[in-house]
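Residue numbers (the working numbering), protein chains in the order written: chain A, 37 to 339; chain B, 37 to 339.
Here a beta-carbon is modelled for each residue, glycine too, at the ideal position from N, C-alpha and C.
Number of protein chains: 2
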Amino acid sequence: MSTPARVIDPTVVAHAFREEIRREVRAIGEPLVLVGFLVADHGPSATYAEYTRRACDDVGVRFDLRHVKRLEAEADVLAANADPGVHGVLVYYPVFGTQQDVYLRELVDAGKDIEGLSSFWARCLYTNTRLLDPLGKKKAILPCTPLAIMKLLDAAGASREGAPRPLAGVRAVVFNRSEVVGRPLASMMANDGAEVVSFDIDGAQLFAPAKEDGAHTVEETTIDRASALAKADVIVTGVPSRAFPLVRAEEIREGAVCLSFSTMKNFDDGIVEKAGVFVPRVGPMTVTMALRNLVRLWRNGRG
Amino acid sequence: MSTPARVIDPTVVAHAFREEIRREVRAIGEPLVLVGFLVADHGPSATYAEYTRRACDDVGVRFDLRHVKRLEAEADVLAANADPGVHGVLVYYPVFGTQQDVYLRELVDAGKDIEGLSSFWARCLYTNTRLLDPLGKKKAILPCTPLAIMKLLDAAGASREGAPRPLAGVRAVVFNRSEVVGRPLASMMANDGAEVVSFDIDGAQLFAPAKEDGAHTVEETTIDRASALAKADVIVTGVPSRAFPLVRAEEIREGAVCLSFSTMKNFDDGIVEKAGVFVPRVGPMTVTMALRNLVRLWRNGRG
């Protein structure tokens, strides 16, 4: 008889990080200002903006939410970039719901991009560039949702915190290879030493662990779902589709760490009978990591 | 009785530009090298690569086509960026066919981006920044397909070449607002003085003419297809869908300039009875403008 999985509530993990951020914000002495741009009056982006407000209140950051029309967003982002009184910029997508959103995302000054999604930060990640200056005073920003997942995996005991390669020897499976979560996550895990099989509709890829000071490598692979899952210590899902066959207890290793960041159910309920840890959602940790990035960017600016 | 439209063959227009490019390439004295990255062995991207080869042969540019696997493209683009012997980089999309292609597009050094599609050049366009230095020795690069269309509109007599605002007073309609053609095109036309109604599946927008040294503005509009077409001096289509109702002679002004860059039929055959000029395709001009950009980027580097 196995014991049921420990279920981790991301709110609890976020709480500890927020305490640390609150202390840091207080120590800075000047008010940190985060500007948000919101186009929709309701729906997921408006909800995320409300979560941001609560998190900012919680840690003592000034949150300035600006309701804009979609065609005003470009000029407003450029103005916020240029305003020294603004320390972070957060655009609530979708704005256009087209490729124009990517153009907008690239407009956000990397020095104020607390989500870490602009190609400047993506390039740092994929080349495993962790410091921006030789003295190590300026640290690269990591995209907030994959970073939130990494911290939740720490909390789940999947990594050896503080080790040079905290995920060395770990085998992971990630279902999702989007540019905003799945690909950067697989990259971060491989940079930390894990071997990651990444599944998406355009095939499977193997993210091989980084060696010495280099970055991880990626190759196409023919590994199938069944054999990847059977070996996985860590399983992460983010498939927003009802067509995805739920990951079932029979498919996984006893004691595996299972985490879902999907808006839809990706794990069968029976998973908790076999998994070691189950993390059912990520939400509160994402906004917390965005605020952690805000503090880091402020420090980089003063480095 | 109206006379049938003059039909413009883009090959003929391209011929004149290529002569000029050939002269400039010869005058440079060192060989200009364009590196292309191709993943597919056949299909539209392989065909485009073949067109590039012929155009390079035609103007005396060295074309180095490299067949790569999709997961090699990133490292290979970075190597070409760093190689002083490479003057232009052209990636034949799709590589991944996902948002990862946007990441790749942003990796191409702006100084070698002859397609002019990276967000650095897009930002120059949307802010109507035409010179990169106060002396005006370094000129901004324009994306090659919209630039090709602008030159074909010149050839069609739609603009007053050499005037400060060559399209002042012109009313235009563009069906397509993609980030690679329709939006930059509407922007270029408005920067040149035209009033452009831009239609796409997410609504209609009005690109209002630039005033003095500024950039054009954009606003949402309720103008419908019928009234926009009835007033249009220039009509450009790029709708890759059979569901698009063909633009018919009854809808347009006598003598209008009609141009299609679509892979599908967008104008009814009867259009030639009423249009002043019909440009049925753009293809050969696109690669010609990419080579023109190559020369311009080489000059910028020596500026």
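Could you check which residue in A:Glu86, A:Asp269, A:Ala251, A:Asp304 has the C-alpha nearest to that of A:Leu101? For A:Leu101, the closest C-alpha among the options A:Glu86, A:Asp269, A:Ala251, A:Asp304 is that of A:Glu86.
Provide the residue span of the beta strand (DSSP E) that contains A:Ala226, from first to last. A:Ala226 -> not in any beta strand (DSSP E); alpha helix (DSSP H) instead, spanning 218-227.
Neighbourhood of B:Ala266 by C-beta distance below 8 Å, restricted to the same chain and skipping five residues each side: Contacts found: Glu287, Ile288, Arg289.
Closest Cβ-Cβ distance between A:Arg139 and chain B: below 8 Å? One point to set straight first is that residue 139 of chain A is Tyr, not Arg, in the sequence displayed. Proximity of A:Tyr139 to chain B, defined by a Cβ-Cβ separation below 8 Å, is satisfied.
Taking 8 Å as the CB-CB limit, is B:Leu107 close to chain A? Yes, contact with chain A.
Please list the residues of the stretch 222-244 of chain A that have a C-beta atom closer than 7 Å to any C-beta atom in chain B, keeping them in chain order. The residues in question are Asp238.
Residue-chain proximity (A:Ala326, chain B), Cβ-Cβ < 8 Å: Contact with chain B is absent for A:Ala326, since none of that chain's Cβ atoms lies less than 8 Å from the residue's Cβ.
To which residues of the same chain is B:Arg106 closer than 8 Å at the C-beta, ignoring the five residues directly before and after it? Around B:Arg106: Val75, Val131, Phe132.
Segment limits, beta strand (DSSP E) that includes B:Val209: Start and end: 207-211.
Contact list for B:Val323 against chain A, beta-carbon separation under 9 Å: The contacting residues do not exist; B:Val323 stays about 23 Å from chain A at best.
Thinking C-alpha only, which one of B:Ala63, B:Ala41, B:Glu66, B:Pro182 is nearest B:Glu215? Closest by alpha carbon: B:Pro182.
Near-chain A residues of the stretch 141-160 of chain B - C-beta to any C-beta below 8 Å: The stretch 141-160 of chain B vs chain A, Cβ under 8 Å: Glu142, Leu143, Ser155, Ala158, Arg159.
For A:Cys92, the nearest candidate out of A:Arg141, A:Gln135, A:Gly124, A:Val313 (CA to CA): Just measuring C-alpha positions, the residue of A:Arg141, A:Gln135, A:Gly124, A:Val313 sitting nearest A:Cys92 is A:Gly124.
Given A:Pro40, which residues of its chain have a CB within under 7 Å of its CB, disregarding the five upstream and five downstream residues? If we look at A:Pro40 and ignore the five residues flanking it on each side, its Cβ neighbours are Val308, Glu309.
If you run the structure through DSSP and keep just helix, strand and coil, what is B:His51? Reduced to three states, the DSSP call for B:His51 is helix.
From A:Met321 to A:Arg261, what does the alpha carbon distance come to, in whole angstroms? Taking the straight line from one Cα to the other gives about 28 Å.
For a contact meaning CB atoms closer than 8 Å, what does B:Arg219 contact in chain A? Ordered by position in chain A, the residues that pass the 8 Å Cβ test against B:Arg219 are Gln136.
Count the other C-beta atoms from every protein chain shown that fall within 10 angstroms of the C-beta of A:Ala63, then say buried if there are 16 or more, exposed otherwise. Counting Cβ neighbours within 10 Å, A:Ala63 comes out exposed, since fewer than 16 surround it.
Coarse secondary structure for A:Ala342, derived from DSSP in three states: Nothing can be reported for residue 342 of chain A: it is not among the residues displayed for chain A, which extend from 37 to 339.
Quick one: does A:Glu215 have its CB under 8 Å from some CB of chain B? By this cut-off, A:Glu215 is an interface position.
Neighbouring residues, chain A, relative to B:Glu255 (Cβ below 7 Å): Simply Leu107.
I think A:Ala285 touches A:Val270, with their Cβ atoms under 8 Å apart; what is that distance to the nearest whole Å? Between A:Ala285 and A:Val270 the beta-carbon gap is near 16 Å, outside 8 Å, which marks them as no contact.
What are the boundary residues of the beta strand (DSSP E) that includes A:Arg14? Because chain A here runs from 37 to 339, residue 14 of chain A falls outside it and cannot be looked at.
Whether or not the stretch 202-216 of chain B and the stretch 318-338 of chain B are in contact is what I'm after, with contact meaning three or more pairs of Cβ atoms, one per stretch, closer than 8 Å; do they touch? The stretch 318-338 of chain B, when compared against the stretch 202-216 of chain B, does not touch it at the 8 Å Cβ threshold.
Determine the DSSP secondary structure at A:Asp169, reduced to helix, strand or coil. The answer is coil: DSSP assigns A:Asp169 none of H, G, I, E or B.
Under the DSSP definition of a beta bridge, which residues are partnered with A:Lys175? DSSP output for A:Lys175 lists A:Leu167 as bridge partner(s).
Compute the Euclidean distance between the alpha carbons of A:Gly121 and B:Ser277, then round it to the nearest angstrom. Between A:Gly121 and B:Ser277, the C-alpha separation is close to 47 Å.
Can you list, in chain order, the residues of the stretch 279-291 of chain A whose Cβ is nearer than 9 Å to any Cβ on chain C? No chain C is part of this structure, whose protein chains are labelled A and B.
Residues of chain B with a CB under 8 Å from the CB of A:Phe132: which are they? Going along chain B in sequence order, the residues near A:Phe132 (Cβ under 8 Å) are Asp238.
In the DSSP assignment, find the beta strand (DSSP E) that holds A:Asp100 and state where it starts and stops. Unbroken beta strand (DSSP E) run through A:Asp100: 98-103.
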